[in-house]
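Novice: The structure under discussion is supplied below as structure tokens; questions concerning it will follow.
Number of protein chains: 2
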Amino acid sequence: MGRMTEKADLASGRATLSDVAREARVSLATADRVLNNRAGVHAKSIARVREAVARLNYRPDPAAARLARTRSHRWCLVLPSGGNAFVAQLQAELAACRAWLEDHRASVQILEVDVFEPQRLADLLRSLQGQCETAIVMGLDHPLVQNAIDGLVDGGCEVITLVSDVPRSRRHAYVGIDNAAAGRTAASLLGRFVGREPGEVGVVAGSLSLRDHAERCLGFNQVMTTEFTHLTVLPAVQGKDSPALNEVLVRQLLAEHPRLRAIYSVGAGNAGISAALKAAGREREVVFIGHELTPAARADLLDGTLDAVINQDAGHEIRSALRQALARATREPVHADQERIRIDIYLKDNLP
Amino acid sequence: MGRMTEKADLASGRATLSDVAREARVSLATADRVLNNRAGVHAKSIARVREAVARLNYRPDPAAARLARTRSHRWCLVLPSGGNAFVAQLQAELAACRAWLEDHRASVQILEVDVFEPQRLADLLRSLQGQCETAIVMGLDHPLVQNAIDGLVDGGCEVITLVSDVPRSRRHAYVGIDNAAAGRTAASLLGRFVGREPGEVGVVAGSLSLRDHAERCLGFNQVMTTEFTHLTVLPAVQGKDSPALNEVLVRQLLAEHPRLRAIYSVGAGNAGISAALKAAGREREVVFIGHELTPAARADLLDGTLDAVINQDAGHEIRSALRQALARATREPVHADQERIRIDIYLKDNLP
DNA sequence: CTGTTAGCGCTTTCAC
DNA sequence: GTGAAAGCGCTAACAG
Chain A
1 MGRMTEKADL
11 ASGRATLSDV
21 AREARVSLAT
31 ADRVLNNRAG
41 VHAKSIARVR
51 EAVARLNYRP
61 DPAAARLART
71 RSHRWCLVLP
81 SGGNAFVAQL
91 QAELAACRAW
101 LEDHRASVQI
111 LEVDVFEPQR
121 LADLLRSLQG
131 QCETAIVMGL
141 DHPLVQNAID
151 GLVDGGCEVI
161 TLVSDVPRSR
171 RHAYVGIDNA
181 AAGRTAASLL
191 GRFVGREPGE
201 VGVVAGSLSL
211 RDHAERCLGF
221 NQVMTTEFTH
231 LTVLPAVQGK
241 DSPALNEVLV
251 RQLLAEHPRL
261 RAIYSVGAGN
271 AGISAALKAA
281 GREREVVFIG
291 HELTPAARAD
301 LLDGTLDAVI
311 NQDAGHEIRS
321 ALRQALARAT
331 REPVHADQER
341 IRIDIYLKDN
351 LP
Chain B
1 MGRMTEKADL
11 ASGRATLSDV
21 AREARVSLAT
31 ADRVLNNRAG
41 VHAKSIARVR
51 EAVARLNYRP
61 DPAAARLART
71 RSHRWCLVLP
81 SGGNAFVAQL
91 QAELAACRAW
101 LEDHRASVQI
111 LEVDVFEPQR
121 LADLLRSLQG
131 QCETAIVMGL
141 DHPLVQNAID
151 GLVDGGCEVI
161 TLVSDVPRSR
171 RHAYVGIDNA
181 AAGRTAASLL
191 GRFVGREPGE
201 VGVVAGSLSL
211 RDHAERCLGF
221 NQVMTTEFTH
231 LTVLPAVQGK
241 DSPALNEVLV
251 RQLLAEHPRL
261 RAIYSVGAGN
271 AGISAALKAA
281 GREREVVFIG
291 HELTPAARAD
301 LLDGTLDAVI
311 NQDAGHEIRS
321 ALRQALARAT
331 REPVHADQER
341 IRIDIYLKDN
351 LP
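Residue numbers (UniProt numbering), protein chains in the order written: chain A, 1 to 352; chain B, 1 to 352.
This is the structure we're talking about:
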């Protein structure tokens with residue numbers, strides 16, 4: 001219907017913002033204002049531009065936008081202090097994204113904070129207000145933290161939770177796995193690996209007040225109690241993700257339960273569990289399943305101490321969080337499919 | 001040592017090609033020629049530019065390059081005709097990359113060819129000469145094909161093999177999984193799921209002359225014969241990836257081997273195997289492991305017919321092939337880590 | 001063999 | 001409210 005311009009019609013390429021501006025009978029600047037939701041444009045103009053965008057099927061060229069943009073993006077990444085191997089992996093993967101960040105005119109500041117101190121984390125989050133345009137936080141699901149996140153969001157900061165969600169907050173996105181499903185996966189694998197003989201199953205968690213650990217336990221128990229009724233899941237013991245503590249706990253478990261058939265390690269500190277099993281000479285006969293493919297886990301998988309590892313790809317998580325931060329900042333679309341974090345299962349045979 | 005320019009020194013941003021040109025005392029155009037290995041530059045100039053690049057730590061801005069480039073990329077994707085579900089997934093994932101392709105000024109032409117006809121495939125490949133700058137081919141490992149690939153490569157076409165490699169060819173890259181490792185993974189899982197009772201294990205392949213199928217069998221047998229000696233792996237039967245043929249073959253298997261404990265399906269056509277198991281009422285007791293998470297496989301996993309699926313992520317493979325095609329065309333670096341295709345294991349519990 | 005110059009499609013002052 | 005115009009950092013003619 002509408003009159004069409006030669007260029008929009010004939011040119012093999014896509015419509016540009018100038019095309020849109022011309023069609024809408026406004027200037028390039030005004031078209032840009034509408035596209036980027038900047039204030040101070042007459043409703044009439046807005047409508048005309050929108051209409052032209054739709055009619056010409058206009059999509060901004062991200063390369064041009066990136067090149068023209070002078071302001072650069074400031075993001076923050078909040079991680080637990082005290083360096084367990086998985087957190088170290090996240091840091092390493094971030095470092096590997098340096099060139100990508102430069103290319104996209106973005107910089108990331110890493111902040112460390114004690115995970116077990118909700119107040120500290122909340123304070124830190126609050127201090128980020130105005131310091132960065134988006135905060136990527138590997139958090140702790142606690143009312144104080146939830147509240148601090150909501151405060152940041154209200155202040156106009158984008159918030160993305162990483163690895164461990166704070167679902168009741170108003171964070172803009174969560175990058176990580178479904179931990180209940182991960183727990184169920186561990187249970188299916190463990191149950192089938194143990195086989196028919198009855199016996200007990202030990203569960204070693206870091207802390208059940210960590211949302212991801214609690215959810216994994218939930219999923220695990222759900223499957224064990226419905227599908228593997230010949231196995232008794234012992235109450236979870238908590239070792240604060242510490243190898244030393246875990247070792248003691250597993251020694252006790254082994255001593256007290258001669259029929260212990262398997263161990264599910266929900267959190268970190270697997271080295272301790274591995275050590276206790278080896279000390280008892282039962283590392284081959286007790287089925288042992290844990291999380292996160294660290295270098296140590298890899299070795300234990302290869303020598304048969306660990307039977308399977310449930311993993312979330314740290315590199316994928318970091319890249320996904322960064323891509324989403326960028327997409328939100330530039331209002332580019334995200335390829336949802338590519339951002340779904342998989343629950344990886346590793347046996348010794350399919351190690352990367 | 002070298003005298004440095006204000007801009008290179010002080011500016012917070014990165015060095016630009018103009019900086020490099022100035023430092024090397026040549027023009028922008030000459031600097032560009034060196035950077036893009038274009039002919040007709042004095043050795044002296046080349047050296048000076050290279051030195052300046054190194055000294056300033058110059059890295060081209062991909063956004064600027066993409067914007068300035070007028071020529072667009074023409075790529076071809078060669079797929080087997082006859083549409084099995086996995087190939088359909090690849091097509092769908094390519095379609096989902098449309099916007100990405102547009103943004104990168106690239107277009108992909110899909111070509112279908114009968115996989116079981118090496119001569120046809122070889123002819124098709126040869127016809128691509130000069131038609132596209134890179135060919136992404138899901139091929140067939142046969143001397144004729146290998147030869148055609150080498151011909152393309154000699155003619156200056158980039159070649160990337162997808163899903164099934166042609167390792168003796170001079171293709172520039174392979175995007176896909178290690179199929180022997182995938183076979184080993186299937187064996188480990190199957191062996192442990194079956195448990196201690198002795199019995200037979202059936203193997204259903206599409207065609208052992210397909211490299212990926214042959215390699216999976218190899219890996220599978222390797223693990224079965226060393227780690228699960230109480231199980232006897234029957235000779236592989238070949239069903240050409242056809243559900244109908246596979247159903248007949250599995251009916252026979254079930255009839256002839258009352259102690260059949262498990263089936264490993266190496267290729268496509270799992271619907272037939274599933275049907276045969278259900279017809280015999282043995283779908284829950286026979287362990288069934290196959291490849292590729294198609295919609296049908298998903299359903300069989302959920303109802304317990306399939307016990308595990310070994311998968312390669314079609315979306316990841318397509319995106320990875322496209323990114324590598326782009327990287328080769330623009331000589332941008334690739335993030336190797338991100339391009340490694342995982343051997344995914346899916347149980348009903350960790351379905352995406 | 002080398003340099004000059006005009007864009008690519010946006011963003012962003014700065015004037016009106 | 002709106003528009004004109006100057007870049008962003010590279011590529012690609014086109015002259016020398």
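For every residue, glycine included, the Cβ atom is placed at its ideal position computed from N, Cα and C.
Treat the numbers as computed from the prediction; the structure is a model and nothing was measured.
With a Cβ-Cβ cutoff of 8 angstroms, do LEU152 of chain B and ILE110 of chain B count as a contact?
Specialist: Cβ atoms of LEU152 of chain B and ILE110 of chain B: not closer than 8 angstroms.
Novice: If we call anything under 8 angstroms between Cβ atoms a contact, is VAL204 of chain B one with VAL266 of chain B?
Specialist: Cβ atoms of VAL204 of chain B and VAL266 of chain B: closer than 8 angstroms.
Novice: Can you tell me whether ARG22 of chain A is buried or exposed? The criterion is at least 16 other CB atoms within 10 Å of its CB, across all chains shown.
Specialist: Buried, since its Cβ has 16 or more Cβ neighbours within 10 Å.
Novice: Taking the alpha-carbon positions, what's the ALA29 of chain A to LEU322 of chain A distance?
Specialist: Each residue's alpha carbon lies about 29 angstroms from the other.
Novice: Using a Cβ-Cβ cutoff of less than 6 angstroms, which residues in the same chain neighbour GLY31 of chain A once the five nearest sequence positions on both sides are dropped?
Specialist: The identity of residue 31 of chain A in the sequence shown is Ala, whereas the question assumes Gly. If we look at ALA31 of chain A and ignore the five residues flanking it on each side, its Cβ neighbours are LEU17, VAL20, ALA21, VAL49.
Novice: Is the Cβ-Cβ distance between CYS217 of chain B and GLN131 of chain B less than 8 angstroms?
Specialist: Not closer than 8 angstroms, so no.
Novice: What are the uninterrupted segments assigned as alpha helix (DSSP H) that are 4 or more residues long and contained completely in the stretch 168 to 248 of chain A, given in chain order?
Specialist: Within the stretch 168 to 248 of chain A, the complete alpha helix (DSSP H) runs of at least 4 residues are 179 to 194, 211 to 227.
Novice: Do we get a CB-CB distance below 8 angstroms when we pair ARG340 of chain A with the residues of chain B?
Specialist: Interface residue, yes.
Novice: Starting from PHE228 of chain A, find everything on chain B with Cβ-Cβ shorter than 8 angstroms and list it in chain order.
Specialist: Result: empty, since nearest Cβ-Cβ is about 13 angstroms, beyond 8 angstroms.
Novice: Use the C-beta contact count for HIS230 of chain A: other C-beta atoms within 10 angstroms, 16 or more gives buried, fewer gives exposed.
Specialist: Classification of HIS230 of chain A: exposed, given that the 10 Å Cβ count is below 16.
Novice: Chain A beta carbons: is any one of them nearer than 8 angstroms to that of ASN350 of chain B?
Specialist: Closer than 8 angstroms to some Cβ of chain A, the Cβ of ASN350 of chain B qualifies, so yes.
Novice: From what residue to what residue does the beta strand (DSSP E) around residue 357 of chain A run?
Specialist: The shown model of chain A, from 1 to 352, leaves out residue 357 of chain A, and the question about it has no answer.
Novice: Per DSSP, what kind of secondary structure is ASN84 of chain B in: helix, strand or coil?
Specialist: Here ASN84 of chain B sits in coil by DSSP.
Novice: Hey, does PRO295 of chain A have any beta-carbon neighbour from chain B nearer than 8 angstroms?
Specialist: By this cut-off, PRO295 of chain A is not an interface position.
Novice: Out of curiosity, what's the CA-to-CA distance linking ILE136 of chain A and ALA297 of chain A?
Specialist: The straight-line gap from Cα to Cα measures roughly 27 angstroms.
Novice: Among residues of its own chain, excluding the 5 on either side of GLY202 of chain B, which ones have a beta-carbon nearer than 8 angstroms to its beta-carbon?
Specialist: Hits under 8 angstroms: LEU234, VAL237, VAL250, LEU253, HIS257, LEU260, ALA262, ILE263, TYR264.
Novice: Counting only C-beta atoms, is SER188 of chain B closer than 8 angstroms to chain A at any point?
Specialist: It does; some Cβ of chain A falls within 8 angstroms.
Novice: When the Cα atoms are used, what is the spatial distance from GLY269 of chain A to LEU306 of chain A?
Specialist: Cα-Cα distance, rounded: 13 angstroms.
Novice: Are the C-beta of GLU102 of chain B and some C-beta of chain A separated by less than 8 angstroms?
Specialist: True, the Cβ-Cβ gap to chain A drops below 8 angstroms.
Novice: Output yes if chain A places a C-beta closer than 8 angstroms to the C-beta of MET1 of chain B; else output no.
Specialist: Unreliable positioning characterises MET1 of chain B in this predicted model, as indicated by a pLDDT of 34, which lies under 50. The coordinate reading is nonetheless provided below. Not closer than 8 angstroms to any Cβ of chain A, the Cβ of MET1 of chain B fails to qualify, so no.
Novice: List, from N- to C-terminal side, the alpha helix (DSSP H) runs of 4 residues or more that fit wholly inside the stretch 87 to 118 of chain B.
Specialist: You should have 98 to 103.
Novice: Expressed to the nearest angstrom, what Euclidean distance is found between the alpha-carbon atoms of VAL334 of chain B and ILE343 of chain A?
Specialist: Looking at the two C-alpha atoms, the distance is approximately 25 angstroms.
Novice: Could you list which residues in chain B have their beta carbon closer than 7 angstroms to that of ALA95 of chain A, in chain order?
Specialist: Per Cβ cutoff of 7 angstroms: no residues; ALA95 of chain A is ~12 angstroms from chain B at best.
Novice: List, in chain order, every chain B residue whose beta-carbon is nearer than 7 angstroms to that of GLY195 of chain A.
Specialist: Those are GLY195, ARG196, listed as they occur along chain B.
Novice: Anything in chain B within Cβ reach of VAL223 of chain A, meaning under 8 angstroms, just list it in chain order.
Specialist: Those are ASP349, listed as they occur along chain B.
Novice: Helix or strand or just coil, what does DSSP make of ILE310 of chain A?
Specialist: ILE310 of chain A falls in the strand class under three-state DSSP.
Novice: For the alpha helix (DSSP H) holding ALA68 of chain A, just list the boundary residues, first then last.
Specialist: First-last of the alpha helix (DSSP H) with ALA68 of chain A: 62 to 68.
Novice: Give the interface partners of ILE343 of chain B over in chain A, defined as CB-CB distance under 7 angstroms, in chain order.
Specialist: Here the neighbours are ASN350.
Novice: Anything in chain B within Cβ reach of LEU67 of chain A, meaning under 8 angstroms, just list it in chain order.
Specialist: Near LEU67 of chain A (Cβ distances below 8 angstroms), the residues of chain B are ASP61, ALA63, ALA64, LEU67.
Novice: With a 10 Å radius around its C-beta and 16 neighbouring C-beta atoms as the bar for buried, classify residue 382 of chain A as buried or exposed.
Specialist: This structure cannot speak to residue 382 of chain A, because chain A is shown only from 1 to 352.
Novice: Do GLN324 of chain A and VAL175 of chain A have their C-beta atoms within less than 8 angstroms of each other?
Specialist: A contact, by the Cβ cut-off of 8 angstroms.
Novice: For SER72 of chain B versus ALA106 of chain B, is the C-beta spacing smaller than 8 angstroms?
Specialist: Yes, Cβ-Cβ distance for SER72 of chain B and ALA106 of chain B is below 8 angstroms.
Novice: In the UniProt domain "HTH lacI-type" (15 to 69) of chain B, which residues sit with their C-beta less than 8 angstroms from some C-beta in chain A, listed in chain order?
Specialist: Listed by position along the chain: ARG59, ASP61, PRO62, ALA63, ALA64, ARG66, LEU67.
Novice: Tell me which same chain residues have a C-beta within less than 8 angstroms of the C-beta of GLU227 of chain B, skipping the five on either side of it?
Specialist: Counting only Cβ-Cβ distances below 8 angstroms, and skipping sequence neighbours, we find ALA187, SER188, GLY191.
Novice: Run the CB neighbour count on ASP313 of chain B, radius 10 Å, all protein chains shown included, and call it buried at 16 or more, exposed below.
Specialist: It counts as buried.
Novice: Closer than 8 angstroms is the cut-off here; do at least three beta carbon pairs connect the stretch 58 to 72 of chain B with the stretch 112 to 128 of chain B?
Specialist: Verdict: no, contact absent.
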